[in-house]
Amino acid sequence: MWLQRCCVFAVLFTLCSSADDSLPWRWVCQENRCVKTRNDPQNKEPVLSMEACKMFCGDYGLLWPRPTGETNLGNFLSKININNVEVKMANGGRSADVMKEAGDRFKSLLSKAIPKGISPKSTGKAVTVLLINDRPNVREFSLDMDESYTIRVQAMGDRINATIKGGSFFGVRHGLETLSQLIVYDDIRNHMLIVRDVTISDKPAYPYRGVLLDTARNFYSIDAIKATIDAMAAVKLNTFHWHITDSQSFPFQVSKRPQLSKIGAYSPAKVYTKEAIQELVEYALVRGVRVLPEFDAPAHVGEGWQDTNLTVCFNAEPWREHCVEPPCGQLNPTREELYDYLEDIYTEMAGSFQTDMFHMGGDEVSEKCWSTSEEIQNFMIQNRWDVNTSGFLKLWNYFQKKAQDKATKAFGKKLPLILWTSTLTDFNTVDQYLDKDDYIIQVWTTGVDPQVKGLLEKGYRLIMSNYDALYFDCGFGSWIGEGGEAALWSEQSDSSTLESRLWPRAAALAERLWAEPRTAWRHAEHRMLHIRERLVRMGIQADSLEPEWCYQNEGYC
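Numbered according to mature numbering (1 follows the signal peptide of the UniProt record, and there is no 0), the sequence shown spans residues -18 to -1, 1 to 539.
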């Protein structure tokens, strides 16, 4: 009977051996939950470490986000030697270089799963990972890209063979991320372990799974942004939305308009150069993350524009009468020179970002700001527009159409354009101004805003970033979100607080958008606590969720 039980747990680390009498605790899988139990020296069953137990106890083990398709995690664990891991590509194509880099990153992730100061034993099975890419010539992001993958892990003699097949490079990359989560450190035997009999079929529920970072209110270093992208990759978020400029600063360098960042950045060191952005974009690509630039206009402009004579109500006081926060400032749509500036900014972004979409902002445009300009009022009268809300919408639409033309010219093609919800996107009148085939609307109001239903009924594509659930600069509410993008505005955040503000809460959003689970949060609690531990081991300063006691005692907190 003992031998039968041992093979049920089948923990193949020379494990049908007696338990270590010196160990005070063991973990036992009972009803899909790992239970911390006093170690009885008379009990000859194999002793499982906590992570070894959690790896195969429950439907999804320690995987985050949970897979959406077939998920079979065998009961067998094998010791492996992470110094003897080989990643092979079955095919190359245009994605061969990023496939290789993703394979190298996978191997580096294995060492990060080990607690600091620990050197695991180098004995154990060798691991061979075979990567099969169904579309080897695809390395560009798109909203319809295939992110699906399958994994098969089998033991063959003294070797573990893992085969990952992806619908594209992005699917293969996600498969490598999942495979890395199937490997854990066993602190009882000082070995790395892998689940040795695995079949997984997986793909995301939503194509857009994002995080917004505002780097204008406060500057963030490229290294801080890279750390954010590393964490996003770990949980399969695929879009880093970069709100790179605002009225407070203009850190984006534009080669044809150097004055914008020269006088608009907080300091000469706090700028983003074309070379730095290009390197970051490539870094993110290897991790399956698109970098989506936003140039917010016609509002949220100020610093950097002082010498252009292209803005109105800049630094107006009292600011509360003209904008939502200081300094105020909006572009003057009546100035033709403005559109030359926009073309140069868009062209610089096109050369810096390999983007399949472009965010044009459109947030919090103030009628009162525009109405302070006699020039704007005269322009509206000449065009037979009333100087009221209806007329200002026509002025805004005039700006938006000209800006759209400049963006199309700069990027060399018509890209899907994104705008924040506003009076211009009101579902009652939106189709008078914005073509649903051209624009995606990003919702920042609330999850129950009737605008959401109205826009969907008119056929507009939406990205949800409702502030009642997905604004991470505000209150720390429930971790379950229902949207497409988490937003970290930086009025009260900077590099020192970035990681704890985002993580692990953004990981909760990642599972919602990848798997769209219908179960209560309790079913995910132990996996959520583990992904937080995993992020910390990666060097991410993820905020604590519960006492460590809760991590060791599932279901009691």
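Backbone N, C-alpha and C fix where the C-beta goes; we use that ideal spot for every residue, glycine too.
Same chain, Cβ closer than 7 Å to residue i, neighbours up to 5 away in sequence not counted
{"i": "glutamine 260", "result": "Ser334"}
{"i": "threonine 53", "result": "Asp41, Tyr42, Ile182"}
{"i": "histidine 341", "result": "His223, Leu274, Pro275, Glu276, Ile400"}
{"i": "alanine 206", "result": "Ser477, Leu480"}
{"i": "threonine 132", "result": "Lys147, Ile182, Ser183"}
{"i": "methionine 362", "result": "Val369, Gly373, Leu377"}
Contact under 8 Å by Cβ, residue i with residue j
{"i": "tryptophan 352", "j": "phenylalanine 374", "result": "yes"}
{"i": "leucine 484", "j": "threonine 316", "result": "no"}
{"i": "proline 499", "j": "glutamate 507", "result": "no"}
{"i": "glutamate 129", "j": "proline 186", "result": "yes"}
{"i": "proline 23", "j": "lysine 218", "result": "no"}
{"i": "leucine 511", "j": "tyrosine 538", "result": "no"}
{"i": "alanine 281", "j": "glutamate 356", "result": "no"}
{"i": "asparagine 21", "j": "tryptophan 7", "result": "yes"}
{"i": "methionine 193", "j": "alanine 497", "result": "According to the sequence as given, residue 193 is valine; it is not methionine. The answer is no: Cβ separation not under 8 Å."}
{"i": "aspartate 168", "j": "serine 31", "result": "yes"}
{"i": "glycine 51", "j": "arginine 178", "result": "no"}
{"i": "tyrosine 254", "j": "proline 233", "result": "yes"}
{"i": "glycine 75", "j": "asparagine 115", "result": "yes"}
{"i": "arginine 191", "j": "leucine 495", "result": "yes"}
{"i": "glutamate 257", "j": "alanine 215", "result": "no"}
{"i": "serine 231", "j": "alanine 247", "result": "yes"}
{"i": "isoleucine 165", "j": "leucine 92", "result": "yes"}
Helix, strand or coil at residue i [DSSP, three-state]
{"i": "threonine 145", "result": "strand"}
{"i": "cysteine 456", "result": "Below a pLDDT of 50, predicted positions are generally treated as unreliable, and cysteine 456, at 40, falls in that range; the measurement from the model is reported next regardless. Here cysteine 456 sits in coil by DSSP."}
{"i": "glycine 465", "result": "Note that glycine 465 has pLDDT 42, beneath the 50 cutoff, so the model's placement of it is unreliable and the number below is only indicative. Correct three-state label for glycine 465: coil."}
{"i": "arginine 504", "result": "helix"}
{"i": "glutamine 230", "result": "coil"}
{"i": "leucine 313", "result": "strand"}
{"i": "histidine 156", "result": "helix"}
{"i": "arginine 191", "result": "coil"}
{"i": "phenylalanine 201", "result": "coil"}
{"i": "glycine 286", "result": "strand"}
{"i": "phenylalanine 88", "result": "helix"}
{"i": "tyrosine 167", "result": "strand"}
{"i": "threonine 371", "result": "helix"}
{"i": "isoleucine 62", "result": "strand"}
{"i": "lysine 70", "result": "strand"}
{"i": "threonine 221", "result": "strand"}
{"i": "glutamate 307", "result": "coil"}
{"i": "asparagine 115", "result": "strand"}
{"i": "phenylalanine 128", "result": "Here the sequence assigns aspartate to residue 128, which means phenylalanine is not the residue at that position. Three-state result, aspartate 128: coil."}
{"i": "glutamate 439", "result": "helix"}
{"i": "proline 432", "result": "helix"}
{"i": "alanine 95", "result": "coil"}
Proximal residues to residue i (C-beta, below 6 Å), its chain only, five neighbours per side dropped
{"i": "asparagine 379", "result": "Tyr415"}
{"i": "valine 109", "result": "Ile62, Val67, Ile142"}
{"i": "phenylalanine 393", "result": "Ala332"}
{"i": "lysine 103", "result": "Asn172, His173"}
{"i": "alanine 489", "result": "Val217, Ile513"}
{"i": "isoleucine 64", "result": "Leu92, Met174"}
{"i": "residue 576", "result": "Only positions -18 to 539 of the chain appear in the structure, and residue 576 is not among them; the question remains open."}
{"i": "valine 306", "result": "Glu346"}
Supposed close pair residue i, residue j - CB separation, criterion 8 Å
{"i": "isoleucine 170", "j": "glycine 106", "result": "Not quite, the Cβ-Cβ distance comes to about 14 Å (not below 8 Å), so this is no contact."}
{"i": "tryptophan 224", "j": "leucine 195", "result": "6 Å"}
{"i": "valine 80", "j": "arginine 134", "result": "Their Cβ separation, rounded to whole angstroms, is 23 Å, which puts valine 80 and arginine 134 out of contact at 8 Å."}
{"i": "glutamate 530", "j": "cysteine 16", "result": "Not confirmed; about 14 Å, so no contact."}
{"i": "glutamine 433", "j": "aspartate 413", "result": "Rounded, the Cβ-Cβ distance is 14 Å, inconsistent with contact."}
{"i": "aspartate 326", "j": "lysine 384", "result": "Not a contact, Cβ separation roughly 14 Å."}
Per DSSP, the bridge partner or partners of residue i
{"i": "methionine 342", "result": "Answer is none; methionine 342 lacks a bridge partner."}
{"i": "alanine 137", "result": "Ile142"}
{"i": "alanine 108", "result": "Arg141"}
{"i": "tryptophan 402", "result": "Gln424"}
{"i": "lysine 16", "result": "According to the sequence shown, residue 16 is cysteine rather than lysine. According to DSSP, which records beta bridges pairwise, cysteine 16 is partnered with Cys11."}
{"i": "isoleucine 211", "result": "Answer is none; isoleucine 211 lacks a bridge partner."}
{"i": "threonine 293", "result": "Leu313"}
{"i": "tyrosine 380", "result": "Partner(s): none; tyrosine 380 has no beta bridge."}
{"i": "isoleucine 182", "result": "Thr53, Ile133"}
{"i": "arginine 514", "result": "Note: arginine 514 sits in no beta bridge, so no partner."}
{"i": "methionine 174", "result": "Ile62, Tyr167"}
{"i": "isoleucine 445", "result": "Gln424"}
{"i": "leucine 274", "result": "His223"}
{"i": "leucine 470", "result": "Leu195"}
{"i": "tyrosine 254", "result": "Phe234"}
Cβ-based neighbour list, residue i, same chain, cut-off 8 Å, excluding 5 preceding and 5 following
{"i": "cysteine 310", "result": "Ser229, Gly284, Cys295, Phe296, Asn297, Ala298, Trp301, His304, Ser348, Cys351"}
{"i": "threonine 501", "result": "none"}
Residue-chain proximity (residue i, chain C), Cβ-Cβ < 8 Å
{"i": "alanine 251", "result": "Note that chain C does not occur in the displayed structure, where there is just one protein chain."}
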